[in-house]
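J.:
In UniProt numbering, the protein residues as written are 1 to 157.
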């Protein structure tokens, strides 16, 4: 069971992260709590990086923060359909900085910038979606075509 002081420490840190993202949001990213009374569940939007097949897409996701944040990292899950070696079919993002290499120094801004960067620069050797990784390795044009289809769907929702 989480102590009230740990939960309040996490809430204070999330409020600091929220102030930071409102004051200086990363380019092409936005985020904030879904409900006013729950600082632990956020929605975020990431714009597709320029000069990539993701360009022009608008990708919506949820960030769920544990009560031990920032000692434990959040879970990131896209709501928008994605086709990417490091994003599971259910939308869950597999990224080292929010998993095994998590550090309390990471802020929501850093997390969003890292996810946006991951779109442009996948790591197919650490695949969460084996089909996407195989197509990425085997036929880059076919991979990029599928990604552009996701980008087109993301703006037609």
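Even glycine gets a Cβ: it sits at the ideal position worked out from N, Cα and C.
In this text, all values refer to a predicted model and were calculated from it rather than measured experimentally.
Give a yes or no on whether the C-beta atoms belonging to residue 86 and residue 123 are separated by under 8 Å.
T.: Within the chain shown, the letter at position 86 stands for residue 86. Within the chain shown, the letter at position 123 stands for residue 123. Less than 8 Å divides the Cβ of residue 86 from the Cβ of residue 123.
J.: Mind pulling the beta strand (DSSP E) runs of 3 or more residues that sit fully within the UniProt domain "UBC core" (9-156)?
T.: 29-35, 38-47, 58-64 and 75-78
J.: Taking 8 Å as the cut-off, decide whether the C-beta atoms of residue 144 and residue 66 are in contact.
T.: Within the chain shown, the letter at position 144 stands for residue 144. Within the chain shown, the letter at position 66 stands for residue 66. Not in contact: residue 144 and residue 66 (Cβ atoms no closer than 8 Å).
J.: Would the segment 34-49 count as touching the segment 81-97 if we require 3 or more Cβ pairs under 8 Å?
T.: no
J.: Run the CB neighbour count on residue 158, radius 10 Å, all protein chains shown included, and call it buried at 16 or more, exposed below.
T.: Outside the displayed span of the chain (1 to 157) sits residue 158, for which this structure offers no information.
J.: Determine the direct distance from the alpha carbon of residue 79 to that of residue 111, and round the result to whole angstroms.
T.: The residue you call residue 111 lines up with position 111 of the chain shown. The residue you call residue 79 lines up with position 79 of the chain shown. Each residue's alpha carbon lies about 17 Å from the other.
J.: Do residue 28 and residue 88 have their C-beta atoms closer together than 8 Å?
T.: Locating residue 28 in the chain shown gives position 28, where the first residue counts as 1. Locating residue 88 in the chain shown gives position 88, where the first residue counts as 1. Against a cut-off of 8 Å, the Cβ pair of residue 88 and residue 28 comes out as no contact.
J.: In angstroms with no decimal places, state the Cα-to-Cα distance between residue 41 and residue 75.
T.: Here residue 41 refers to the residue found at position 41 of the chain shown. Here residue 75 refers to the residue found at position 75 of the chain shown. If you take the alpha carbons of residue 41 and residue 75, they lie about 10 Å apart.
J.: Buried or exposed: where does residue 101 fall if 16 or more other Cβ atoms within 10 Å of its Cβ makes it buried?
T.: As a first step, residue 101 must be located in the chain shown, where it is residue number 101. Label assigned to residue 101: exposed.
J.: Between the alpha carbons of residue 55 and residue 126, how many angstroms are there, rounded?
T.: On the chain shown, position 55 is the one that residue 55 refers to. On the chain shown, position 126 is the one that residue 126 refers to. Here the alpha carbons of residue 126 and residue 55 stand approximately 23 Å from one another.
J.: Work out the CA separation of residue 50 and residue 73 for me, nearest whole Å.
T.: The residue labelled residue 73 in the question sits at position 73 within the chain shown. The residue labelled residue 50 in the question sits at position 50 within the chain shown. Looking at the two C-alpha atoms, the distance is approximately 28 Å.
J.: Do you know offhand how far residue 158's Cα is from residue 17's?
T.: Only positions 1 to 157 of the chain appear in this structure, which leaves residue 158 out of reach.
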